[in-house]
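Chemist:
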Amino acid sequence: MSALYGTYARSELAFERGEGVRLFAQDGTAYLDFHSGIAVNALGHSDPHLVAALKAAADKVWHISNVFTIPEQERLGQRLVEATFADSVFFTNSGAEALECAIKTARHHFFAKGEPERYELICFTGSFHGRTLGTIAAGGNPGYLEGFGPPLPGFVHLAPGNLHAVEQAIGPQTCAILIEPVQGEGGVTAMTAEFMRGLRALCDKHGLLLILDEVQCGYGRTGKFFAHEWSGITPDIMAVAKGIGGGFPLGACLATAEVAKSRVPGTHGSTYGGNPLACAVGNAVLDRVLASGFLDHVDRMGQKLAWRLQQLAQRFPQYVVEMRGKGLLAGIKITPPVRDFVTRLRHDQHLLTQGAGDNVLRLLPPLIVTEADIEEAVGKIADAFAALDHEAALAPTGA
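Per the working numbering, residue 1008 is the first one in the sequence shown, and the count goes up by one each step.
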């Protein structure tokens, strides 16, 4: 019996090494990775630049404390500021911590303005913002809230897409709107550009802050550095993680100067967040993601993946209900139970995928994926659908 908490329905499959978009099990079997550690391994496995950066950093200082200046952190923060809307960055270890920082930053902004009553956030159904008590309350998923006592107050939940309903929900306690431009765990739902622009306009009209959760959809995954860029807007606060460290635990909360100025010493902190080792890797990831042509490649591959999945849907309309997502955060709503289908793909096709939301098969390949990799992956999904057809044909008919 394992000594670990039983919080994961783990496969017995264990990997020994990885290379590019492939993982290799302990018996040497190769698997095509369209899972990426749930959108974390943006540069695939064993990227030479990341490995070299980690090894070089390991020979220096691993960890000190944020009571000292950390040059690697200063550099990564400045580079993120130069590449985004933000003026200030707070580094964390994870996406949930980045969202906690974002929520606290919004509330503290209004507290510092003499409006402590403005602490409520408008959030959206289908969201996933993390597993802390604060972020499960922000997500609002009953399955994640059950068993942990009363949900933390201060969060209102609406179905995404209805700007009128959002404006009707704004009241004297509202401080911010929190949304994922592309929902990941909730079912790979991409918000329309019109809805995102409408939320920005409502925030401007009512003096609210717009908080974006780009933990899964950011860092190049949709073909732009951040997904909100497709709608031509900027947020006031943004949480990022996953791809920012390329596999090393790292997250960040980005904010404008006006919003971040109240976060003076004592108002927030982290023991590990932004330590030298993490930020050395973070800088190496940024070298690759912001390199000329990298995001163009991701955009092209996202279009190739969408086209191949459309062909798959036309070939197997009995199994594919709907196409979802954006770029290399792609989803197909299917009729077979998604958990069973993910297992089938892993066991029979040696393809690693992930389920999401309302029976959606989620595809999250490394951003270095090629067209040949995409063709191979979609071919494996097609073979799995064909196997379902074959099994159905052999099954005895009911009386």
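The beta carbon of each residue, even a glycine, is placed where N, CA and C say it ideally should be.
Once DSSP output is grouped into helix, strand and coil, what is the label at ARG1307?
Modeler: For this step, residue 1307 is matched to residue 300 along the sequence shown. It is helical.
Chemist: Looking at the unbroken alpha helix (DSSP H) that takes in GLU1329, where does it start and where does it end?
Modeler: Sequence index remark: in the sequence shown, residue 1329 carries index 322 (1-based). Taken as a continuous stretch (DSSP letters only), GLU1329 belongs to no alpha helix (DSSP H), being part of the beta strand (DSSP E) at 1327–1333.
Chemist: Can you tell me the Cα-Cα spacing of ILE1110 and GLN1318, whole angstroms?
Modeler: Translated into the one-based positions of the sequence shown, residue 1110 becomes position 103. Translated into the one-based positions of the sequence shown, residue 1318 becomes position 311. ILE1110 and GLN1318: Cα-Cα distance of roughly 41 Å.
Chemist: How should SER1018 be labelled, buried or exposed, when 16 other C-beta atoms within 10 angstroms of its C-beta is the threshold for buried?
Modeler: In the sequence shown, the residue the question calls residue 1018 occupies position 11. Classification of SER1018: exposed, given that the 10 Å Cβ count is below 16.
Chemist: Based on DSSP bridge pairs, tell me the residues matched to THR1181.
Modeler: If you number the sequence shown from 1, residue 1181 lands on position 174. Answer is GLU1127.
Chemist: How is CYS1108 classed by DSSP in three states: helix, strand or coil?
Modeler: Translated into the one-based positions of the sequence shown, residue 1108 becomes position 101. Here CYS1108 sits in helix by DSSP.
Chemist: Given that a residue counts as buried once 16 or more other Cβ atoms are within 10 Å of its Cβ, and exposed if not, what is THR1360?
Modeler: Within the sequence shown, residue 1360 is the residue found at index 353, counting from 1. Label assigned to THR1360: buried.
Chemist: Give me the DSSP bridge partner(s) of ASP1040.
Modeler: On the sequence shown, position 33 is the one that residue 1040 refers to. Bridge partners of ASP1040: LEU1359.
Chemist: Would the beta-carbon of VAL1074 fall within 8 Å of that of GLY1084?
Modeler: Here residue 1074 is taken as the residue at index 67 of the sequence shown, counted from 1. Here residue 1084 is taken as the residue at index 77 of the sequence shown, counted from 1. No, these two residues do not count as a Cβ contact at 8 Å.
Chemist: Got a sec? Which residues, its chain only, sit under 6 Å from ALA1037 by beta carbon, not counting five neighbours each side?
Modeler: The residue labelled residue 1037 in the question sits at position 30 within the sequence shown. The residues are ARG1029, PHE1031.
Chemist: What is the DSSP secondary structure of ALA1484, reduced to helix, strand or coil?
Modeler: Nothing about residue 1484 can be read from this structure; the chain reaches only from 1008 to 1406.
Chemist: If we ignore side chains and look at the alpha-carbon of each, how far apart do GLU1398 and ILE1218 end up?
Modeler: Here residue 1398 refers to the residue found at position 391 of the sequence shown. Here residue 1218 refers to the residue found at position 211 of the sequence shown. Taking the straight line joining both Cα atoms gives about 47 Å.
Chemist: Where DSSP assigns a beta bridge to PHE1022, which residues make up the other side?
Modeler: Here the question's residue 1022 lines up with position 15 in the sequence shown. PHE1022 is bridged to ALA1032.
Chemist: With a 10 Å radius around its C-beta and 16 neighbouring C-beta atoms as the bar for buried, classify ALA1406 as buried or exposed.
Modeler: One-based indexing of the sequence shown puts residue 1406 at position 399. For ALA1406, the predicted model reports a pLDDT of 44, less than 50, meaning its position is unreliable; a value from the coordinates is still stated below. Exposed: under 16 other Cβ atoms inside 10 Å.
Chemist: Under a Cβ-count criterion, where at least 16 other Cβ atoms within 10 Å of its own Cβ denotes burial, should SER1299 be classed as buried or exposed?
Modeler: Working through the sequence shown from its first residue, we reach residue 1299 at position 292. Flag for SER1299 reads exposed.
Chemist: Does the distance from the CB of THR1132 to the CB of LEU1106 come in under 8 Å?
Modeler: Position 125 of the sequence shown, counting from 1, holds the residue named residue 1132. Position 99 of the sequence shown, counting from 1, holds the residue named residue 1106. It is not a contact, given that the beta carbons lie outside the stated cut-off.
Chemist: Would you mind sorting SER1009 into buried or exposed? The rule is 16 or more other CB atoms within 10 Å of its CB.
Modeler: If you number the sequence shown from 1, residue 1009 lands on position 2. Exposed: under 16 other Cβ atoms inside 10 Å.
Chemist: By the 10 Å Cβ neighbour count, where 16 or more other Cβ atoms means buried, how is TYR1015 classified, buried or exposed?
Modeler: Counted from its first residue, the sequence shown places residue 1015 at position 8. With fewer than 16 other Cβ atoms within 10 Å, it is exposed.
Chemist: Between the Cα of LEU1395 and the Cα atoms of SER1043, THR1377, PHE1348, which residue gives the shortest distance?
Modeler: Residue 1395 sits at position 388 when you count from the first residue of the sequence shown. The option with the nearest alpha carbon to LEU1395 is PHE1348.
Chemist: If you pair each beta-carbon of the segment 1335–1345 with each one of the segment 1310–1326, do three or more pairs fall below 8 Å?
Modeler: Taking 8 Å as the limit for Cβ pairs, the verdict is that the segment 1310–1326 does touch the segment 1335–1345.
Chemist: Report the residue ranges of all alpha helix (DSSP H) runs contained in full by the segment 1059–1117; include only those spanning at least 4 residues, in chain order.
Modeler: The qualifying runs are 1078–1090.
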